[in-house]
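Trainee: Residue numbers (my numbering), protein chains in the order written: chain A, 62 to 207; chain B, 62 to 207.
Even for Gly, the Cβ is constructed at its ideal location relative to N, Cα and C.
These numbers come from a predicted model, not from an experiment.
The structure that follows is given in the form of structure tokens.
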DNA sequence: GTAAATTAAATTGTATACAATAGATTGAAA
DNA sequence: TTTCAATCTATTGTATACAATTTAATTTAC
């Protein structure tokens, strides 16, 4: 008879390899991101702003699945570096607008090679990468609902 | 013509949904792990020790993809709680052996329902879960090589 | 029109992660 | 055997994450 504790073995967990893959890939970004003086969290925040130019903290958080507790210090750093501005909404002082600066815009050209560089670091066949992308996005879609 | 910055859009990244899925699932462990007073990192360390009873920090780190910088405080916490012991190897004082205690062993019975509870929280079809497991483990296998 | 509820950010506290370094011990090489 | 290199754990410093709370502003109820 099978050990009833089989379900508690690390190798039988689904979350664990996901957690490791996430960490390991993020780690591989480091040398490339160091070159443009960004952390991974700062990088994904910049990605949203490269695309949308302007956004408040709440919206940005819903894109990134991060709350203000995480974003506030990240955005202050990006402001210090001159890549974004932070300004309160004049109609609703609770809301803080984050907007990309020229300097932040310029950073885009220095970042453009990163996705391909990471692609070369991560040894995954195209088919697997596509499937992984598909499944994780499907899962991610279930998180908003509660 | 397609925007050359397309590759920098958040929605075109593979790492991002992986990173979000990992975080969101780990978050879902919290209420269940709170009930047995473990954090996620403590939980996966205990999983290895439930299975192997005894192990040094280096080995444990290679199972968990964590270094001593992360593990040292985690293991000290588990020792405080009485779930493990930490003892230097008498032949090689550099090595620290971690071993499960009776109390740690007993915790296994309180944890045994957690995998099924998480399974009910995560809305993923069996086929997708299997595929995700397969791909992430394949990827994880490429990390050791460098 | 004002009290109560809600909302958005920020703050606080705890727990990871990890790079880099340090400290101690052991192994290897000469 | 003694010096140098390698190994293992711990420490330090930085940056997340997130729960819980706080603060300030706005909205809703009445």
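#1: Answer with buried or exposed for residue 106 of chain A, where buried requires no fewer than 16 other C-beta atoms within 10 angstroms of its C-beta.
#2: Report the rounded CA-to-CA distance for residue 196 of chain A versus residue 116 of chain A, giving the unit in angstroms.
#3: For residue 192 of chain A, which residues does DSSP report across the bridge?
#4: Straight-line CA distance for residue 78 of chain B to residue 198 of chain A?
#5: At a CB-CB cut-off below 9 Å, which residues of chain B make contact with residue 142 of chain A?
#6: Helix, strand or coil: how does DSSP classify residue 86 of chain A here?
#7: By Cβ distance, which residues of its chain are closer than 8 Å to residue 89 of chain A, with the 5 residues on each side in sequence left out?
#8: When you compare the CB of residue 97 of chain B with every CB in chain A, is at least one pair closer than 9 Å?
#9: Does any residue of chain A bring its CB to less than 9 Å from the CB of residue 160 of chain B?
#10: Which residues of chain A have a Cβ atom closer than 8 Å to the Cβ of residue 176 of chain B, listed in chain order?
#11: Give the C-beta separation of residue 159 of chain B and residue 110 of chain B to the nearest angstrom, bearing in mind that I take them to be a contact with Cβ-Cβ under 8 Å.
#12: Mind checking the region 100-123 of chain A against chain B and listing, in chain order, the residues whose C-beta falls within less than 9 Å of any C-beta there?
#13: Would the region 91-106 of chain A count as touching the region 159-173 of chain A if we require 3 or more Cβ pairs under 8 Å?
#14: Quick one, which residues of the region 75-91 of chain B are near chain A if we go by CB-CB under 8 Å, in chain order?
#15: On the three-state DSSP scale, how would you describe residue 185 of chain A?
#16: Note down, in chain order, all residues in the region 183-194 of chain B with a beta-carbon under 8 Å from any beta-carbon belonging to chain A.
#17: Classify residue 207 of chain B as buried or exposed, calling it buried when 16 or more other Cβ atoms lie within 10 Å of its own Cβ.
#18: Report yes or no: is there a C-beta of chain A within less than 9 Å of the C-beta of residue 93 of chain B?
#19: Quick one: does residue 200 of chain A have its CB under 9 Å from some CB of chain B?
#20: Measure from the alpha carbon of residue 149 of chain A to the alpha carbon of each residue in A:118, A:84, A:93 and A:161, then state which is nearest.
#21: Give me the DSSP bridge partner(s) of residue 160 of chain B.
#22: Using the beta-carbon count (16 or more within 10 Å), is residue 176 of chain A buried or exposed?
Mentor: The answer reads as follows:
#1: In the first chain, residue 106 of chain A corresponds to position 45, counting from 1. Counting Cβ neighbours within 10 Å, residue 106 of chain A comes out buried, since at least 16 surround it.
#2: Stepping through the first chain from its first residue, residue 196 of chain A is reached at position 135. Stepping through the first chain from its first residue, residue 116 of chain A is reached at position 55. A straight line joining the alpha-carbon of residue 196 of chain A with that of residue 116 of chain A spans about 28 Å.
#3: In the first chain, counting from the first residue as 1, residue 192 of chain A sits at position 131. Looking at the DSSP output, residue 192 of chain A shares a beta bridge with no other residue.
#4: Reading the second chain from its first residue, position 17 is the one you call residue 78 of chain B. Reading the first chain from its first residue, position 137 is the one you call residue 198 of chain A. Cα to Cα, the separation comes out at about 6 Å.
#5: Mapped onto the first chain, residue 142 of chain A falls at position 81. Under a criterion of Cβ atoms nearer than 9 Å, no residue of chain B is adjacent to residue 142 of chain A; the nearest Cβ is some 18 Å distant.
#6: Walking along the first chain from the start, residue 86 of chain A turns up at place 25. DSSP places residue 86 of chain A in the helix class (H, G or I) of the three-state scheme.
#7: For the purposes of this step, residue 89 of chain A is taken as the residue at position 28 of the first chain. Answer for residue 89 of chain A: 179, 182 and 183, listed in chain order.
#8: On the second chain, residue 97 of chain B is found 36 positions in, with the first residue counted as 1. For residue 97 of chain B, the answer is no, since every Cβ of chain A falls outside 9 Å of its Cβ.
#9: On the second chain, position 99 is the one that residue 160 of chain B refers to. Not flagged as an interface residue toward chain A: residue 160 of chain B, since no C-beta distance is shorter than 9 Å.
#10: On the second chain, residue 176 of chain B is found 115 positions in, with the first residue counted as 1. The contacting residues are 68, 69, 73 and 74.
#11: Counting from one through the second chain, the residue named residue 159 of chain B turns up at place 98. Counting from one through the second chain, the residue named residue 110 of chain B turns up at place 49. Confirmed, Cβ separation roughly 7 Å.
#12: Cβ contacts with chain B: 101, 105, 107, 108, 109, 111 and 112.
#13: The region 91-106 of chain A, when compared against the region 159-173 of chain A, does touch it at the 8 Å Cβ threshold.
#14: Those residues of the region 75-91 of chain B that come within reach of chain A (Cβ to Cβ, closer than 8 Å) are 75, 76, 77, 78, 79, 80, 81, 82, 83, 84, 85, 86, 87 and 90.
#15: As a working mapping, residue 185 of chain A is identified with position 124 in the first chain. In this structure, DSSP gives residue 185 of chain A a state outside helix and strand, which the three-state scheme calls coil.
#16: If the cut-off is 8 Å between Cβ atoms, the region 183-194 of chain B has 183, 184, 185, 189, 190, 192, 193 and 194 near chain A.
#17: Stepping through the second chain from its first residue, residue 207 of chain B is reached at position 146. With a pLDDT of 45 at residue 207 of chain B, under the threshold of 50, the modelled position of that residue is not reliable, and the figure given next carries that caveat. With fewer than 16 Cβ atoms within 10 Å of its Cβ, residue 207 of chain B is classed as exposed.
#18: Within the second chain, numbered from 1, the residue matching residue 93 of chain B stands at position 32. So, not an interface residue.
#19: Reading the first chain from its first residue, position 139 is the one you call residue 200 of chain A. Yes, contact with chain B.
#20: Sequence index remark: in the first chain, residue 149 of chain A carries index 88 (1-based). Nearest option by C-alpha distance: A:118.
#21: Counted from its first residue, the second chain places residue 160 of chain B at position 99. BP columns for residue 160 of chain B point to B:115 and B:146.
#22: As a position in the first chain, residue 176 of chain A is number 115, starting the count at 1. Counting Cβ neighbours within 10 Å, residue 176 of chain A comes out buried, since at least 16 surround it.
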